[in-house]
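Each remark here refers to the structure printed beneath this line.
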Amino acid sequence: MEHQITICTSCRHTGTECRPGYQLIKRLREAIALAGDAIPQDFAVSGVACMAGCDRPCTVAYHGTRKATYLFGDIDPETDIEDLVAFAGQYAHLHDGWCSSCDRPGKLRKSTLARVPAAIVAIEESKAKAS
Ligand code: FES
């Protein structure tokens, strides 16, 4: 897989005991499958127990080979699937995964907890220092 969406399965809806991560995984997988050619076939959606964004449930991360990583918070499976699918399509076509907040769809403009450059940047800097 070249692209991955990781969803926290431990986040609780604010003020409740409900953990909607598995519901979010199911709905996002279905929505990506329905999106057809708008989303490359190599997008996987999976869960993880916690991504240290616990104050902003649910958290969702986008990663890709040689691409920036994003962590989004405040994601609701009832209202935000469309924005997540739109960003998957956008992210898949960005060669380094980098985009500014104003270019992201809907809620993802304001719910970004982190944007981390691709690891290849750090590796190249290490090689330059060594030579
Ligand atoms: S419990 Fe979801 S990020 Fe920590």
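In case it helps, my numbering puts the sequence shown at residues 2 to 132.
Don't be surprised by glycine CBs; every beta carbon is placed ideally from N, CA and C.
Close beta carbons around residue i, own chain, < 7 Å, minus the five adjacent residues each side
i: S102; result: R110, T113
i: R57; result: G74, D75, L114
i: D84; result: P106, G107, K108, L109
Contact test: residue i Cβ vs the ligand FES heavy atom, cutoff 7 Å
i: S11; result: yes
i: C19; result: no
i: G54; result: yes
i: P1; result: Not covered by the structure: residue 1. The range shown for the chain is 2 to 132.
i: C51; result: yes
Same chain only: Cβ atoms within 6 Å of residue i, ignoring 5 sequence neighbours per side
i: A36; result: V86
i: V49; result: T7
i: V61; result: I8, F73, I76
i: Q91; result: none
i: H64; result: Q5, T70
8 Å Cβ cutoff met for residue i and residue j
i: D38; j: R67; result: no
i: A119; j: I6; result: no
i: C59; j: I76; result: yes
i: A115; j: I82; result: no
i: A93; j: H14; result: no
i: R28; j: P106; result: no
Nonlocal neighbours in the same chain, by C-beta distance under 8 Å from residue i, ignoring five residues either side
i: T10; result: R20, G22, Y23, I26, G48, V49, A50
i: E18; result: none
- Message: Closer than 8 Å is the cut-off here; do at least three beta carbon pairs connect the stretch 42-57 with the stretch 65-80?
- Response: yes
- Would the stretch 38-46 and the stretch 9-24 be scored as touching if the rule is three or more Cβ pairs under 8 Å? no
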